[in-house]
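Q:
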Amino acid sequence: MRLLDGTAVRALLDPDALVEAVATALVDLSTGRACVPPRVAAQVGEIGLLAAMPAYSQTLDVVAAKLLTVYPGNAAVDRPTHQAVIAVFAPEDGTLRALMDGDQVTADRTAAASALSVRALARPDARVLAVLGTGPQAQAHARYVARVQPFEEIRIGGRDPHKVAALVDDLAGHGLAARGCAIDEALRDADVVCAATSTLRPLVGVDGLPDGAHVVSVGYVPEGREVDAALLTRAQLVVEHRATTLAPFPVGSNDLAELVERGKIHPDVVVELGEVLCGLRPGRAWEDQPTVYKSVGVGVLDAAAAAVVLAAAERKGVGHEPAPEGP
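Take 19 as the starting number for the sequence shown in this note's numbering and just add one per residue.
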């Protein structure tokens with residue numbers, strides 16, 4: 019069994035390989051070649067939860083499970099709100115093959131799927147990218163989405179100017195020129211918006227966005243709402259997995275589930291990203307229609323990322339087995 023800490027995982031996660039693996043996993047999910055049971059979670063009072071996310075991808079030949087904690091209050095004390103570990107097993111006999119840090123996997127696999135949504139759904143002439151948030155998901159989204167579209171301007175919008183400036187500096191180290199600003203300024207006339215926040219009230223609405231804008235929403239807080247209901251009911255809605263997304267929290271997205279319950283949207287109009295990627299469903303119905311990709315996270319994406327990490331670790335001889343205990 020290989021043990022891979024966060025430093026090793028970051029070094030082994032090749033972005034291009036990850037995007038393609040995530041695309042394969044999403045298509046497997048939409049064509050019945052993946053097994054992804056609903057996420058289960060143990061609520062820790064009112065302060066957090068521990069979630070379990072097992073998954074299998076037939077095409078990628080990977081079985082994995084992620085344990086994830088979500089503690090929204092950690093943001094106030096500069097601790098990660100999401101922390102995770104991933105176990106990878108051999109499909110043929112169930113042998114534990116690797117145990118790896120899941121924090122970077124969670125950020126990067128989410129951003130890789132969002133990048134695929136941009137590649138499939140954003141207008142070809144999209145030139146302005148707005149990233150809302152300053153945490154690991156925001157950083158990963160700026161890096162991954164910029165790989166699939168030649169943006170002329172990347173804006174980082176956040177409430178804390180110091181955190182915004184720190185993220186801008188970090189992205190510069192990755193070769194990305196971005197500018198920091200307030201959230202309202204970041205949104206103004208943005209062609210693509212990636213919201214990765216812990217907001218409770220909607221930040222993204224119809225006003226201020228150009229026709230045909232593409233919005234990514236990955237914030238996952240029980241009562242959180244990143245996208246205004248008026249935009250959700252007007253846009254083409256794209257998700258990882260219909261049944262998962264439209265289930266109640268902690269499985270799905272409360273904002274979409276409530277709109278379905280109130281009869282504001284019909285489940286059949288919600289499209290899976292894997293269906294778009296393999297040509298089963300169209301993504302954008304007409305050129306000027308806004309599109310919204312709502313991500314809640316599904317285990318098969320973690321399995322895809324873990325497969326990429328493990329394959330690289332095996333090629334490079336990274337990771338080690340724990341030494342046997344003495345007599």
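By construction, the Cβ of each residue, glycine as well, lies at the ideal position given by its N, Cα and C atoms.
Who does residue 290 pair with in a DSSP beta bridge?
A: 257
Q: Need the endpoints of the alpha helix (DSSP H) that residue 321 sits in, please.
A: Here the alpha helix (DSSP H) through residue 321 covers 317-334.
Q: Any idea what DSSP makes of residue 171, helix, strand or coil?
A: strand
Q: Per DSSP, what kind of secondary structure is residue 101 in: helix, strand or coil?
A: Of the three classes helix, strand and coil, the one that applies to residue 101 here is strand, per DSSP.
Q: Is residue 148 buried or exposed, if buried means 16 or more other CB atoms sit within 10 Å of its CB?
A: So residue 148 ends up on the buried side.
Q: Tell me where the beta strand (DSSP E) around residue 85 begins and ends.
A: 80-88
Q: Does DSSP classify residue 159 as helix, strand or coil?
A: helix
Q: Cβ of residue 315 within 8 Å of Cβ of residue 21?
A: no
Q: Under 8 Å, do residue 256 and residue 139 count as touching if we go by C-beta distance?
A: yes
Q: Tell me whether residue 279 is buried or exposed, calling it buried when 16 or more other Cβ atoms sit within 10 Å of its Cβ.
A: exposed
Q: Cβ of residue 224 within 8 Å of Cβ of residue 233?
A: no
Q: Does residue 216 come out as helix, strand or coil in the three-state DSSP assignment?
A: coil
Q: Does the stretch 304-311 come within contact of the stretch 85-104, defined as at least 3 CB pairs closer than 8 Å?
A: Here the stretch 304-311 makes no contact with the stretch 85-104; the two share fewer than three CB pairs at distances below 8 Å.
Q: If residue 205 sits next to residue 160, beta carbons under 8 Å apart, how far is it from one beta carbon to the other, in whole angstroms?
A: With 8 Å as the limit, residue 205 and residue 160 do not qualify as a contact, their Cβ atoms being about 15 Å apart.
Q: Pick from 311, 200 and 268: whose alpha carbon is nearest that of residue 250?
A: Residue 250 has its Cα closest to that of 311, out of 311, 200 and 268.
Q: When DSSP labels each residue in this structure, what does residue 24 get in the three-state scheme?
A: Three-state DSSP puts residue 24 in a helix.
Q: Alpha carbon to alpha carbon, how far is residue 201 from residue 184?
A: 16 Å
Q: I'd like the span of the alpha helix (DSSP H) that includes residue 251, first residue to last.
A: 247-252
Q: Could you give the DSSP three-state label for residue 271: helix, strand or coil?
A: coil
Q: Alpha carbon to alpha carbon, how far is residue 326 from residue 275? Give it in angstroms, no decimals.
A: 32 Å
Q: Can you tell me where the beta strand (DSSP E) holding residue 115 begins and where it ends?
A: 114-119
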